[in-house]
Amino acid sequence: MTLATGIGSHPGEDATAYAEAVRVVLGELSDDHGLPYVPELPGRGAGASMTGRAVAAATDLAFDLQPAGWRLTDREGVDQRRARSLLAQDLDQVEEQGQGYVGPYKTQVTGPWTLAATVERPRGDRVLADHGARRDLAQALAEGVRRHLADLRRRLPGVDRWVVQLDEPVLASVLEGRVPTASGFGRHRVVQPPEASAALGWVAEAIAAEGAETWVHSCAPGTPLDLVRGAGVQGLLVDPAVLSPGDHDDLAAALEAGGPVALGVVPTRDPATAPTEASLTESVLRWLDMVGLEPGPGLVVSPGCGLTGATSGWARQALALAAATARHLDGG
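This note's numbering puts the sequence shown at residues 339 to 670.
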């Protein structure tokens with residue numbers, strides 16, 4: 339069955355907007371073709387950003403917030419406590435509105451390499467610069483995600499399929515040595531594929547230990563889909579518009595093997611002219627025809643990236659269009 343989902347982020351800057359985002363997700367994605375998810379509202383501040391969510395979930399490591407962003411420290415700072423409190427409040431809202439829900443559900447967290455490229459070491463520069471620090475960060479993230487999943491299972495006992503989406507928009511830059519140093523005059527050294535795969539694998543293993551699936555999302559060009567799949571990741575979420583010819587082949591192989599593969603065909607910002615269900619269905623069918631496949635199990639329809647920059651009206655419409663497209667692809 340073809341599913342519809344979103345990437346995670348929504349517009350809004352307060353608790354009221356968060357409650358509305360949860361209502362939108364559950365309202366548009368609760369039928370047989372839907373994969374609802376835990377929304378994120380980066381507009382609420384650093385503690386609600388992609389990195390802030392990971393900081394809130396990570397265990398055994400302490401962070402504080404500096405002008406340059408999140409930084410590893412010796413003891414937990416007030417901003418990390420606030421990030422954890424905000425996450426708990428948001429999950430309270432998900433739990434309240436999700437009472438009685440039965441079906442699949444998705445949550446999102448920053449992947450180990452994007453996290454290493456955005457968090458600073460205690461004495462400056464990114465964790466990416468220190469082999470031991472990036473290993474410790476990835477392992478702390480793995481344990482934190484495991485506990486996060488256990489908490490979600492308790493809150494939503496009717497969920498029969500859990501998916502954890504690792505957001506890795508910086509992975510390609512990490513592997514190609516394109517992440518700038520703190521000074522901006524240099525670049526961090528290339529991370530070799532075996533190390534990149536190992537860190538992804540630690541997180542994927544922790545997710546699997548909780549009986550959940552790992553999907554990786556990136557709407558950045560050059561993301562190594564073959565490496566990601568080789569790390570124990572089951573699902574891929576991509577924007578077909580940024581794929582290279584080789585990427586299309588890797589994505590087709592993943593779908594042919596059973597997926598899941600999410601095609602980000604729905605615009606993430608309010609378009610001048612909104613696409614129709616028919617036009618989105620046709621775009622997916624054209625892609626499938628190009629790679630020689632038919633609609634089938636494992637196919638997922640989504641926006642190309644997060645909906646942070648959209649209006650609240652378009653965020654709702656984007657999910658509705660994704661769901662309608664999934665139904666059309668299944669002949670509905």
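Note that beta-carbon positions come from the ideal geometry of N, C-alpha and C, so glycine has one too.
- Message: Can you check which of these residues, GLU506, GLY385, LYS444 and THR389, is closest to PRO678 by C-alpha distance?
- Response: Look at the range of the chain in this structure, 339 to 670, and you will see that residue 678 is not part of it.
- Task: Would you please state the rounded distance, in angstroms, between the beta carbons of LEU659 and LEU618? I believe it to be under 8 Å.
- Result: Translated into positions along the sequence shown, residue 659 becomes position 321. Translated into positions along the sequence shown, residue 618 becomes position 280. Separation of the CB atoms of LEU659 and LEU618 is rounded to 6 Å, and the pair is thereby assigned contact status at 8 Å.
- Taking GLN477 and TRP540 to be in contact with their CB atoms under 8 Å, please state how far apart those CB atoms are, rounded to whole angstroms. As a position in the sequence shown, residue 477 is number 139, starting the count at 1. As a position in the sequence shown, residue 540 is number 202, starting the count at 1. So it is a contact: roughly 6 Å between Cβ atoms.
- Query: Relative to the alpha-carbon of ARG485, which residue among LEU399, ALA653 and ALA544 has its alpha-carbon at the smallest distance?
  - Reply: Here the question's residue 485 lines up with position 147 in the sequence shown. Per the Cα distances, ALA544.
- For LEU509 and THR561, the rounded distance between their alpha carbons: What you label residue 561 is simply residue 223 of the sequence shown in a count that begins at 1. What you label residue 509 is simply residue 171 of the sequence shown in a count that begins at 1. Spanning the two alpha carbons is a distance of roughly 6 Å.
- Query: Which residues in the same chain as ARG382 place their Cβ atom closer than 6 Å to its Cβ, once the five residues preceding and following it in sequence are excluded?
  - Reply: Reading the sequence shown from its first residue, position 44 is the one you call residue 382. Cβ neighbours of ARG382 beyond the five flanking positions: GLU351.
- Query: Do the CB positions of LEU565 and ASP585 come within less than 7 Å of each other?
  - Reply: Indexing the sequence shown from 1 puts residue 565 at position 227. Indexing the sequence shown from 1 puts residue 585 at position 247. Cβ atoms of LEU565 and ASP585: not closer than 7 Å.
- Is the beta carbon of ALA448 less than 7 Å from the beta carbon of ALA392? Here residue 448 is taken as the residue at index 110 of the sequence shown, counted from 1. Here residue 392 is taken as the residue at index 54 of the sequence shown, counted from 1. Note that residue 448 is Thr in the sequence shown here, rather than Ala. For THR448 and ALA392, yes; Cβs fall inside 7 Å.
- Taking VAL580 and PRO613 to be in contact with their CB atoms under 8 Å, please state how far apart those CB atoms are, rounded to whole angstroms. For this step, residue 580 is matched to residue 242 along the sequence shown. For this step, residue 613 is matched to residue 275 along the sequence shown. That belief does not hold up - the Cβ atoms of VAL580 and PRO613 are roughly 18 Å apart, past 8 Å.
- Message: If contact is defined by three or more beta carbon pairs under 8 Å, each pair taking one atom from either stretch, is the segment 588 to 596 in contact with the segment 620 to 635?
- Response: At 8 Å Cβ cutoff, the stretches touch.
- Could you tell me whether the segment 548 to 559 touches the segment 517 to 533, using the rule of 3 or more Cβ pairs below 8 Å? no
- Between which two residues does the beta strand (DSSP E) carrying PRO641 extend? Residue numbering aside, residue 641 sits at position 303 when the sequence shown is read from its first letter. From DSSP, the beta strand (DSSP E) with PRO641 extends over 637 to 641.
- Message: My assumption, with CB atoms under 8 Å, is that LEU637 sits in contact with THR343. Please give the rounded CB distance.
- Response: The sequence position of residue 637 within the sequence shown is 299, counting from 1. The sequence position of residue 343 within the sequence shown is 5, counting from 1. LEU637 to THR343, Cβ: 11 Å. No contact.
- Item | Contact under 7 Å by Cβ, ALA550 with VAL604 | Stepping through the sequence shown from its first residue, residue 550 is reached at position 212. Stepping through the sequence shown from its first residue, residue 604 is reached at position 266. Judged by beta-carbon spacing, VAL604 lies beyond the 7 Å limit of ALA550, meaning their Cβ atoms are not closer than that value.
- Just tell me which of GLY482, ALA355 and GLY647 has its CA closest to the CA of TRP547. Along the sequence shown, one-based indexing puts residue 547 at 209. The amino acid occupying residue 547 in the given sequence is Ala; Trp does not appear at that position. Answer by Cα proximity: GLY482.
- Message: Output needed for ALA406: all residues of its chain with C-beta closer than 7 Å, excluding positions within five of it in sequence on either side, in chain order.
- Response: Along the sequence shown, read from residue 1 onward, the residue named residue 406 stands at position 68. Cβ neighbours of ALA406 beyond the five flanking positions: GLU458.
- Query: CB GLY385 to CB ARG413, shorter than 7 Å?
  - Reply: Position 47 of the sequence shown holds residue 385. Position 75 of the sequence shown holds residue 413. In this structure, ARG413 does not lie closer than 7 Å to GLY385 by Cβ.
- Task: Classify GLY515 as buried or exposed, calling it buried when 16 or more other Cβ atoms lie within 10 Å of its own Cβ.
- Result: Numbered from 1 along the sequence shown, position 177 holds the residue referred to as residue 515. Exposed.
- Please list the segments of the alpha helix (DSSP H) lying wholly inside the segment 505 to 587, counting only runs of 4 or more residues, in order along the chain. Segments of the alpha helix (DSSP H) lying fully in the segment 505 to 587: 509 to 514, 531 to 547 and 563 to 568.
- Task: Check each candidate in GLY644, PRO641, PRO377 and ARG422 and name the one with the smallest Cα separation from GLY436.
- Result: Here residue 436 refers to the residue found at position 98 of the sequence shown. When each option's Cα is compared against that of GLY436, the closest is PRO377.
- Message: Please give me, in chain order, every unbroken run of the beta strand (DSSP E) with length at least 3 that falls completely inside the segment 450 to 481.
- Response: none
- Task: Can you grab the Cα-Cα spacing for the pair GLY438 / GLY365, in whole Å?
- Result: Stepping through the sequence shown from its first residue, residue 438 is reached at position 100. Stepping through the sequence shown from its first residue, residue 365 is reached at position 27. Roughly 14 Å separates the two Cα atoms.
- Query: Secondary structure at TYR375, three-state DSSP: helix, strand or coil?
  - Reply: The sequence position of residue 375 within the sequence shown is 37, counting from 1. In the structure shown, the three-state DSSP call for TYR375 is strand.
- Task: Note down the Cα distance separating VAL528 from ALA471, rounded to an integer number of angstroms.
- Result: As a first step, residue 528 must be located in the sequence shown, where it is residue number 190. As a first step, residue 471 must be located in the sequence shown, where it is residue number 133. Cα to Cα, VAL528 sits roughly 16 Å from ALA471.
- Task: Report buried or exposed for VAL576, applying the criterion of at least 16 other Cβ atoms within 10 angstroms of its Cβ.
- Result: On the sequence shown, position 238 is the one that residue 576 refers to. Buried is the call here.
- Option nearest PRO450 by Cα separation, candidates ALA396, LEU425 and GLN427: Residue 450 sits at position 112 when you count from the first residue of the sequence shown. If we check each option's Cα against that of PRO450, ALA396 comes out closest.
- Item | Neighbourhood of GLY462 by C-beta, 7 Å cutoff - its chain only, sequence neighbours within 5 removed | Start at 1 with the first residue of the sequence shown, and residue 462 comes out as number 124. Counting only residues of its own chain and dropping the five nearest sequence neighbours on each side, GLY462 has a CB closer than 7 Å to the CB of ALA520.
- Query: So what's SER387 in DSSP terms, helix, strand or just coil?
  - Reply: For the purposes of this step, residue 387 is taken as the residue at position 49 of the sequence shown. Three-state result, SER387: coil.
- Query: What alpha helix (DSSP H) runs, 4 residues minimum, are completely inside the segment 408 to 458?
  - Reply: 416 to 435 and 450 to 456
- Query: Is HIS555 near the ligand ZN, with its Cβ less than 6 Å from a heavy atom?
  - Reply: The model depicted lacks the ligand ZN and carries no ligand whatsoever.
- Message: GLY573 and THR606 - do their beta-carbons sit closer together than 7 Å?
- Response: The residue labelled residue 606 in the question sits at position 268 within the sequence shown. The residue labelled residue 573 in the question sits at position 235 within the sequence shown. Contact flag unset, no.
- Query: Taking Cβ positions, are ARG361 and GLU433 nearer each other than 7 Å?
  - Reply: On the sequence shown, position 23 is the one that residue 361 refers to. On the sequence shown, position 95 is the one that residue 433 refers to. No, Cβ-Cβ distance for ARG361 and GLU433 is not below 7 Å.
- Given ALA537, which residues of its chain have a CB within under 6 Å of its CB, disregarding the five upstream and five downstream residues? On the sequence shown, residue 537 is found 199 positions in, with the first residue counted as 1. Result list for ALA537: PRO450 and ALA476, in chain order.
- Item | Of the residues PRO442, LEU466 and VAL440, the one placed nearest THR452, counting alpha carbons only | Indexing the sequence shown from 1 puts residue 452 at position 114. Nearest Cα to THR452 within the set PRO442, LEU466 and VAL440: LEU466.
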